[in-house]
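Encoded as structure tokens, the structure appears first; notes follow it.
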Amino acid sequence: MRAHSNKRIFISGGASGLGQALAERYAKAAWAVFICDINEARGEAVLQKLKALGTDAHFMRADVTVLSDLQLCADWLRANWGGVDTVVNNAGVAVGGTIGETPMEDWEWILNINLLGVVRGFKVFTPLFKEQGHGQFISTASAAGLVHLPRMGAYNASKSAVVALSETMKLELASSNIRVSVVCPSFFKTNLVESLRCVDPEARLAAGRLLTDSLRSADTIADFVYNKAERNRFMILPDKEARAARFFKRFLPSSLFFRALSQAETLSLKKTV
Ligand SMILES: NC(=O)c1ccc[n+]([C@@H]2O[C@H](COP(=O)([O-])OP(=O)(O)OC[C@H]3O[C@@H](n4cnc5c(N)ncnc54)[C@H](O)[C@@H]3O)[C@@H](O)[C@H]2O)c1
1252 MRAHSNKRIF ISGGASGLGQ ALAERYAKAA WAVFICDINE ARGEAVLQKL KALGTDAHFM
1312 RADVTVLSDL QLCADWLRAN WGGVDTVVNN AGVAVGGTIG ETPMEDWEWI LNINLLGVVR
1372 GFKVFTPLFK EQGHGQFIST ASAAGLVHLP RMGAYNASKS AVVALSETMK LELASSNIRV
1432 SVVCPSFFKT NLVESLRCVD PEARLAAGRL LTDSLRSADT IADFVYNKAE RNRFMILPDK
1492 EARAARFFKR FLPSSLFFRA LSQAETLSLK KTV
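In this note's numbering, the protein residues as written are 1252 to 1524.
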């Protein structure tokens, strides 16, 4: 093993998409990388890639809906690497559909992973960070956590709650020397469509195309996140659509903002359906 930079990162949902890209980006910067995921086959494959990059790496099957799974990850880090410097709450899934189409069980499913998975990450790792006297949380929200298009209510709600929680944690943990960042990208190419729950086949196809046809790669997003997180940026907006959406929401009168959003939505549906 290459002597690592003495920095250690933990990434949930590290077996695919952005989690995998972040794992590889930090490995290239000589960090020791621990990934967890529920997909064991992909987790093992990413682990081999990380080892081939010459850094210390570890994979554990862990489900972010299970607090004790995350606790086992934290215990492993304390016992084997003496702690962890950065924790990325990244595991996530998608739900599409109107309020009428989306069953309550899909609301409960997505909130348990996208929101409560992040809550569990904060709960489990905050005591370890406090014990060490330092730490950094990076949570993957989405541009959907800042501006909220129709037929994405469950996903939008889960991601805006991650932004709210991150703002709260930034203030709550600052005096313990714990840094907090939140990442809000627009669509980029990953396997997220595999998890998508959506009853309307046309909407499913449209959402799938937005993900699979995106020209933005997870590697590009990961590189941006790495650079901004190292500079201790709170709000990380990796692409121009996300930056524009946030800008318009802050500065346009709400009537103009909603008109612009509905035009953007019509355009994106024309492009995708
Ligand atoms: N792809 C996009 O366009 C996009 C845009 C904005 C935000 N995001 C967010 O980025 C994050 C990563 O998603 P991605 O696009 O890389 O998708 P992905 O499906 O490629 O990766 C997500 C990973 O999370 C894992 N996972 C799902 N449920 C889990 C659980 N309960 N416990 C542990 N692991 C679990 C999956 O097995 C998968 O490996 C998600 O939070 C997603 O909402 C994605």
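By construction, the Cβ of each residue, glycine as well, lies at the ideal position given by its N, Cα and C atoms.
Predicted model, so just to flag it, every value in this text is computed and none were measured.
Judged by DSSP secondary structure, Cys1324 falls within the alpha helix (DSSP H) whose first and last residues are 1318-1332. Each residue's CA atom was taken as its position, placing Asp1451 and Gly1348 some 7 Å apart. Given a length threshold of 4 residues, each whole run of the alpha helix (DSSP H) inside the segment 1382-1459 is given here in chain order: 1404-1424.
The three-state reading of DSSP puts Ala1292 in helix, counting H, G and I together. Two segments are said to touch when three or more pairs of C-beta atoms, one from each, lie closer than 8 Å; by this definition the segment 1375-1382 does not touch the segment 1467-1484. In the structure shown, the three-state DSSP call for Ser1468 is strand. In terms of Cα proximity to Arg1467, the closest of Glu1453, Pro1489, Arg1482 is Pro1489.
The segment 1285-1302 and the segment 1253-1270 touch, with no fewer than 3 CB-CB distances between them shorter than 8 Å. A distance below 8 Å separates the beta carbons of Val1434 and Thr1391. The three-state reading of DSSP puts Thr1463 in helix, counting H, G and I together.
A direct Cα-Cα distance of roughly 29 Å separates Met1311 from Met1486. Residues Ala1405 of the same chain have their beta carbon placed closer than 7 Å to that of Trp1358, with the five preceding and five following residues left out of the count. Taking C-beta atoms as the reference points, Lys1500 and Leu1397 count as a pair closer than 8 Å. DSSP places Arg1501 in the uninterrupted alpha helix (DSSP H) bounded by 1491-1502. Burial state of Ala1342 is buried, judged by a 10 Å Cβ sphere holding 16 or more other Cβ atoms. Looking at the backbone, the Cα of Glu1481 and that of Ala1278 are separated by about 14 Å. For Ile1364, the shortest C-beta to heavy atom distance toward ligand 1 is below 7 Å.
The alpha-carbon separation between Ser1446 and Val1297 amounts to approximately 19 Å. Taking a C-beta distance under 8 Å as the contact criterion, Ser1256 and Ala1280 qualify as a contact pair.
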